[in-house]
Amino acid sequence: MKILMLGESLERQGGIVSVEKLILQEALSNTSIKLIPTLPKGSAIKKLLVFSSAVVQLVGSLLANKADVIHIHISEGGSAYRHMITALITLIFQKPVIMHAHSCNFHEFYPKLPSLIQVWMSWIFSKSTRFIVLSESWKKFYVDNLKLKVEQVTVLPNPVRLPSQVPERQNSSTVSFVFLGRIGQRKGAFDLISAFAKLSEKHKQRASLTLAGDGEGEKARDLVKSLELTSSINILDWVNQTQRDELLNQANVFVLPSYNEGLPMALIEAMSWSLPVITTPVGGIPELVINYDNGLLVNPGDIQQLSDAIESLIKDEQLRLMLGQRARASVAHLDIVNYMNSLTKIYSLAFTGSPAINLGVKA
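In our numbering, the protein residues as written are 43 to 405.
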């Protein structure tokens, strides 16, 4: 099968790009997958030129019959508008199209659209051959609000490459907390810094916090300075895969106190490293993280509750180790090999026009 994948340029950062890279790296031998970037890094002019080029390449590939299935990665905002165009082109050529929704706040974006745009978007999405979402909660949203058919929507949580070895993390004199993601309010980065500041001096001396990501790093550094926490909290820019793995290898706990999420790659990656996680029950997260079973759940924006959760994992090594072991077990089924088998099955069903099936994959 020849798959044409439309999505963000691999030079960009974030969860969609991480998924794209894994798909391209692990494509099965009977499947050829080519990525046409629709969104690069850079200026608005560059973005317009790249998208225009992507449309030309898409039309050329469809005219030359160089694709059996079109796989489109979508999010909210400009991504949704761009891929209404690419999906419509694919539908005009009567090729199977799979739309793959990654958005963390489509539930906020969609209701604010003009009614005519809502109708148009709902119609295009409903005409997709298959519609992939990251969790059951997102499936319910798209079925209820964009009028997709239940059998059209397939739940396929994000994949992960499981590390072959993870550290034991016993007898840690300092408990290292790590946050990976876009530094800003949506992912709770400032809440996390404020929660760390609420710890007693005794617990601050036993802990460290590293935040790594793009976004509002300078604002985070200013907050750390104002709270006189520069000896305990380190703010890094975006890290590459090797640096990310080193941070997760050295950490004791992963924290992601987000307000909105799809199903964050950083969370799944941290759990694959046997890290206990402190996170929030938003998006697809509560289908993966169960409170006091494989992580701790706190309410978004509740800084005191977040601080209490941090303190509990500083004090209790056995709880940290138990949650970490269960975290890795919880994401083992999301290994990229299993993911590619499921995704290839979706490709085949779309190509042959076969009825949708339940893959049995849950977060």
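The C-beta atom is built at its ideal place from N, Cα and C for all residues, glycine as well.
In the DSSP assignment, find the unbroken beta strand (DSSP E) run with residue i in it and report its ends.
i: G49; result: K44 to E50
i: N341; result: Careful: N341 lies outside any beta strand (DSSP E) and carries neither H nor E.
i: K76; result: S74 to L81
i: I174; result: R172 to V175
i: F135; result: Looking at the DSSP string, F135 is not in any beta strand (DSSP E), and its letter there is neither H nor E.
i: V195; result: V195 to V197
Whole angstroms are fine: how far does the CA of residue j sit from the CA of residue i?
i: E178; j: Q99; result: 34 Å
i: V197; j: G84; result: 32 Å
i: N291; j: D256; result: 21 Å
i: L176; j: L253; result: 25 Å
i: H375; j: A96; result: 34 Å
i: A406; j: S349; result: Here the chain covers residues 43 to 405 and nothing more, so residue 406 does not appear.
i: H144; j: I58; result: 7 Å
i: N283; j: L52; result: Correcting the residue type first, residue 283 is Gln in the shown sequence and not Asn. Computed Cα separation, rounded: 13 Å.
i: P209; j: E288; result: 11 Å
i: S71; j: H245; result: 52 Å
i: A369; j: Y334; result: 11 Å
i: G259; j: G230; result: 13 Å
i: L330; j: E150; result: 22 Å
i: Q55; j: I378; result: 19 Å
i: S214; j: V192; result: 48 Å
i: E68; j: S60; result: 12 Å
i: Q346; j: M43; result: 52 Å
i: L234; j: Y301; result: 12 Å
i: P82; j: S94; result: 12 Å
i: N20; j: R263; result: Within the shown structure, residues of the chain are numbered from 43 to 405, placing residue 20 beyond reach of any answer.
i: A109; j: K169; result: 18 Å
i: F167; j: V92; result: 23 Å
i: L190; j: Q212; result: 49 Å
i: G120; j: E50; result: 12 Å
i: K89; j: R124; result: 11 Å
i: K182; j: R203; result: 28 Å
i: L265; j: C146; result: 26 Å
i: F393; j: P153; result: 32 Å
i: S242; j: F148; result: 39 Å
i: F135; j: H142; result: 19 Å
i: E311; j: N187; result: 31 Å
i: A86; j: E359; result: 49 Å
i: A351; j: S274; result: 18 Å
i: S164; j: I174; result: 15 Å
i: M47; j: A106; result: 16 Å
i: S74; j: V373; result: 27 Å
Would you grab the beta carbon distance between residue i and residue j for me? Rounded to a whole angstrom, and I think it's under 8 Å.
i: I356; j: V217; result: 5 Å
i: S250; j: F219; result: 7 Å
i: I140; j: V111; result: 6 Å
i: W180; j: M126; result: Not really, about 19 Å apart at Cβ, beyond 8 Å.
i: I332; j: L309; result: Not a contact, Cβ separation roughly 13 Å.
i: P138; j: Y381; result: The pair is not a contact, with the Cβ atoms about 20 Å apart (cut-off 8 Å).
i: P323; j: G337; result: The Cβ separation is near 10 Å, so there is no contact.
i: P205; j: S314; result: 6 Å
i: Q194; j: R172; result: 7 Å
i: Q367; j: S316; result: 6 Å
Check for me: the alpha helix (DSSP H) holding residue i runs from which residue to which?
i: T216; result: That residue, T216, is in no alpha helix (DSSP H); it is neither H nor E in DSSP.
i: V61; result: G57 to Q67
i: V202; result: Counting along the chain, V202 falls outside any alpha helix (DSSP H), and DSSP gives it neither H nor E.
i: I235; result: A231 to A239
i: Q227; result: Unbroken run through Q227: none, as it is neither H nor E.
i: I159; result: S157 to S168
i: S179; result: E178 to L188
i: H144; result: No alpha helix (DSSP H) holds H144; DSSP gives it neither H nor E.
Does any residue of chain C bring its CB to less than 8 Å from the CB of residue i?
i: S268; result: Absent from the structure: chain C. Only one protein chain is present.
So, does the segment 362 to 381 touch the segment 110 to 118, judging by three or more C-beta pairs under 8 Å? As far as the Cβ criterion goes, the segment 362 to 381 does not touch the segment 110 to 118, which means the pair count is below three.
Quick test of the definition: if touching needs 3 or more C-beta pairs under 8 Å, does the segment 151 to 171 touch the segment 287 to 307? With fewer than three CB-CB distances shorter than 8 Å, the segment 151 to 171 does not count as touching the segment 287 to 307.
For the pair the segment 376 to 390 and the segment 332 to 344, tell me if three or more CB-CB distances fall below 8 Å. Contact between the segment 376 to 390 and the segment 332 to 344 is absent, with fewer than three C-beta pairs closer than 8 Å.
Within the chosen definition, does the segment 78 to 96 reach the segment 378 to 387 through at least 3 CB pairs nearer than 8 Å? A contact between stretches requires three or more CB pairs, one per stretch, nearer than 8 Å, and the segment 78 to 96 fails this requirement with the segment 378 to 387.
What ranges does the alpha helix (DSSP H) occupy inside the segment 243 to 324, keeping only unbroken runs of at least 4 residues that lie completely in it? Counting only runs of 4 or more, we get 243 to 246, 259 to 268, 283 to 292 and 307 to 314.
Would you call the segment 262 to 280 and the segment 292 to 299 touching, i.e. three or more CB-CB distances under 8 Å? No contact exists between the segment 262 to 280 and the segment 292 to 299.
Check whether the segment 126 to 135 and the segment 95 to 110 touch, using three or more Cβ-Cβ pairs below 8 Å as the test. In short, these stretches touch, since the Cβ pair count reaches three.
Every unbroken beta strand (DSSP E) within the segment 351 to 388, with a cutoff of 3 residues, ordered by chain: For the segment 351 to 388, not a single whole beta strand (DSSP E) run of length 3 or above is found.
If you scan the segment 79 to 134 from start to end, which runs of the alpha helix (DSSP H) of 4 or more residues do you find wholly inside it? You should have 86 to 105 and 120 to 134.
Does the segment 263 to 273 touch the segment 228 to 242, meaning 3 or more C-beta pairs lie closer than 8 Å? Yes: the two stretches touch, three or more of their Cβ pairs being nearer than 8 Å.
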